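Start counting the sequence shown at 1; every next residue gets the next number (our numbering).
Using N, Cα and C, we set each Cβ at its ideal position, and we do this for glycine too.
Owing to the predicted nature of the structure, the values given are computational and were not obtained by experimental measurement.
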Amino acid sequence: MSKTPHILLALVWLSGLLVPGAQAAALDFKPCALAGSNGNGTLQAECAIWQQPLDRSDPDSATIDLHVARLKSTALEPADDAFTLINGGPGGSSIDLLVDYASVAQSFTRERDVLVIDQRGTGRSTPLTCEAVTDRAEEYDEEDTLQATQDCLDALSHDPRYFTTSVAVEDLEALRAAAGYQQLSLYGVSYGTRVVQQYMRRYPAQTRAAVIDGVIPPDHALGSHIAIHSQQALDAAFNRCAETPSCNDAFPELAYEFHKLRTTLQDASVPLVIQHPVTGAQTDIELTYPHLMMWIRFSLYATETAALIPLTVHQAVTADNYLPIAANALRMVHDITNALNYGMHNAVMCTEDAPFYQQDLIDFEAMERTYIGRQMLDSLQAMCDIWPKGVIHDDLKRPLASAVPTLLLSGEVDPITPPAWAERAMQQLTNAKHIIAPGQGHGTLARGCIPRLILEFIETPEPAEIDDSCVAHLSPYPFFIDAMGPPP
Numbered sequence: 001m002s003k004t005p006h007i008l009l010a011l012v013w014l015s016g017l018l019v020p021g022a023q024a025a026a027l028d029f030k031p032c033a034l035a036g037s038n039g040n041g042t043l044q045a046e047c048a049i050w051q052q053p054l055d056r057s058d059p060d061s062a063t064i065d066l067h068v069a070r071l072k073s074t075a076l077e078p079a080d081d082a083f084t085l086i087n088g089g090p091g092g093s094s095i096d097l098l099v100d101y102a103s104v105a106q107s108f109t110r111e112r113d114v115l116v117i118d119q120r121g122t123g124r125s126t127p128l129t130c131e132a133v134t135d136r137a138e139e140y141d142e143e144d145t146l147q148a149t150q151d152c153l154d155a156l157s158h159d160p161r162y163f164t165t166s167v168a169v170e171d172l173e174a175l176r177a178a179a180g181y182q183q184l185s186l187y188g189v190s191y192g193t194r195v196v197q198q199y200m201r202r203y204p205a206q207t208r209a210a211v212i213d214g215v216i217p218p219d220h221a222l223g224s225h226i227a228i229h230s231q232q233a234l235d236a237a238f239n240r241c242a243e244t245p246s247c248n249d250a251f252p253e254l255a256y257e258f259h260k261l262r263t264t265l266q267d268a269s270v271p272l273v274i275q276h277p278v279t280g281a282q283t284d285i286e287l288t289y290p291h292l293m294m295w296i297r298f299s300l301y302a303t304e305t306a307a308l309i310p311l312t313v314h315q316a317v318t319a320d321n322y323l324p325i326a327a328n329a330l331r332m333v334h335d336i337t338n339a340l341n342y343g344m345h346n347a348v349m350c351t352e353d354a355p356f357y358q359q360d361l362i363d364f365e366a367m368e369r370t371y372i373g374r375q376m377l378d379s380l381q382a383m384c385d386i387w388p389k390g391v392i393h394d395d396l397k398r399p400l401a402s403a404v405p406t407l408l409l410s411g412e413v414d415p416i417t418p419p420a421w422a423e424r425a426m427q428q429l430t431n432a433k434h435i436i437a438p439g440q441g442h443g444t445l446a447r448g449c450i451p452r453l454i455l456e457f458i459e460t461p462e463p464a465e466i467d468d469s470c471v472a473h474l475s476p477y478p479f480f481i482d483a484m485g486p487p488p
């Protein structure tokens, strides 16, 4: 029986540190072939296993292995800074991001090296995995959540207190120094924008330029608004369907059909036999409401998958065809489980987010009216009640004031980091520009002309000089009307 892990649904979502570079191990780069997320793609690069202290404040601390990848510049005289990418999650592999977007990343080598580290606890860098979390059943239950969290903690190979953003920022600066670069030019997406902004704060002289895509303001506690923002993105998709003649003609009662689908799956599960979309094996599955939640939530991240929502909802309600929902939910469980290291994810969320929730400012009534409800938040808070708090800079949660050249990017209908967050983060950035990608969701690195704009900005980091008129040509993917796709 296939079960959707309830905690996966719920999350899917210092002073006194050692001086960066102290006792830094040598970087011994060797040729390597890198595979991306879920084993996709291959990228020829140079790689090094870099040993660093687990506790950077203790020179005698045990060491951990951090994985570093580098693409050498094709320039005869490369720039003295390196370009780096930092993935989101928290818990995602930055090296996987490098491979998945290799064609974009390789364009930066025409002037400078590309240097990427898997943040400690993720990918290839001493990953903190939590099998106890991803193996649990589908419905939220506080006792089950607490037990799964404790099982995870008991199984971890390293103390999770040292796998936070603050420690990762010190790793990044130590890497810059050890690799011999004068500065870093940084790109961060989603949670990665927190890492970039904290590096900018701590090391302004070492930060040549910064691109933050799907921005989390430093003073924001991630997790408390996910349900509401996702509902707003879903409402926007339904409104766009209603305003699109072909979609409205095909699905004139879309909002009602979604309500009916929600009610059906909240009342009872639907037993199905399905060919697993990843393994191909015949799989028995009890399709539940959390499966629907997961499918909707992550479909809204990208305009291509959001375009399938009306048709898929309509087929489930009018033809009892639940197989597309089940197949997509199973694929998402597989992809997210493999993409995120939940020990590191929990270390960040329980140190940098959950302790900063202001309960009196959370609109629980509005949250309960969303299709997600308060399940995610309740699960996260229960988990963080027993998860140890980690290392955190005393300024991590303060608004960032900076003159570092900064390009902020947002998807117009981003379901988790809306454009208003970038505007909030930019209030004290004195050398910055914010670009909103029309009709796009979460993460714009490969959207339309945006890769070219990022490249131009990194090569000449002058935000005021960016001509972003090309972004107006972006638009959401047209809705699928039937199995043949969008109308001609």
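Going by C-alpha positions, P127 is about 17 Å away from L172.
For the 8 Å CB-CB criterion, S410 and P419 form a contact. Assignment of alpha helix (DSSP H) within the segment 218-275, counting only whole runs of 4 or more residues, yields 226-243, 245-250, 254-267 in chain order.
If you look at I64, you'll find it isn't in any alpha helix (DSSP H); it sits in the beta strand (DSSP E) that goes 63-71.
When the beta-carbon positions are compared, A33 and Q51 stay at least 8 Å from each other.
According to DSSP, L85 shares a beta bridge with Y187. The straight-line gap separating the alpha-carbon atoms of W387 and Q183 is approximately 35 Å.
With contacts defined by Cβ atoms closer than 8 Å, L156 and A105 do not form a contacting pair.
The distance from the Cβ of H220 to that of E257 is about 34 Å, inconsistent with a contact at the 8 Å cut-off. DSSP, reduced to helix, strand and coil, places V211 within a strand of the structure shown.
Under the three-state reduction of DSSP output, A306 falls in the helix class. Minimum Cα-Cα distance from R297 among the listed residues A242, V348, T318, H229 corresponds to H229. Here S37 carries a helix assignment [DSSP, helix/strand/coil]. Check the Cα spacing between A255 and each of G41, Y371, V471: the tightest is with Y371. In this structure, the alpha-carbon of L445 lies about 19 Å from that of G91. The beta carbon of L146 sits closer than 7 Å to the beta carbons of A382, I386 from its chain, once the five residues preceding and following it are set aside; these are given in chain order. According to the DSSP secondary-structure assignment, T42 is paired through a beta bridge with A35. In the same chain as T303, and ignoring 5 residues on each side of it, the C-beta atoms closer than 7 Å to its own belong to G439, Q440, G441, P476, Y477, in chain order. Counting only the Cα atoms, A464 lies some 31 Å from S166.
Under the Cβ criterion (8 Å, minimum of three pairs), the segment 74-86 counts as touching the segment 97-116.
Between the beta-carbon of P310 and that of F364 there is about 29 Å, and that puts the pair past the 8 Å contact cut. In this structure, the CA atom of E77 is about 14 Å from the CA atom of E459. Less than 8 Å separates the beta-carbon of T164 from that of G390. Non-local beta-carbon contacts of G448 in its own chain, meaning distances under 6 Å to residues more than five positions away in sequence, involve L474 in chain order. By alpha-carbon distance to Y181, the top candidate from L27, D414, F480, L287 is L27. Residue environment for Q428: exposed (fewer than 16 other C-beta atoms within 10 angstroms of its C-beta).
By the CB criterion at 8 Å, Q198 and L396 fall inside the cutoff.
Taking all protein chains in view, the Cβ of D320 is surrounded by fewer than 16 other Cβ atoms within 10 Å, so the residue is classified as exposed.
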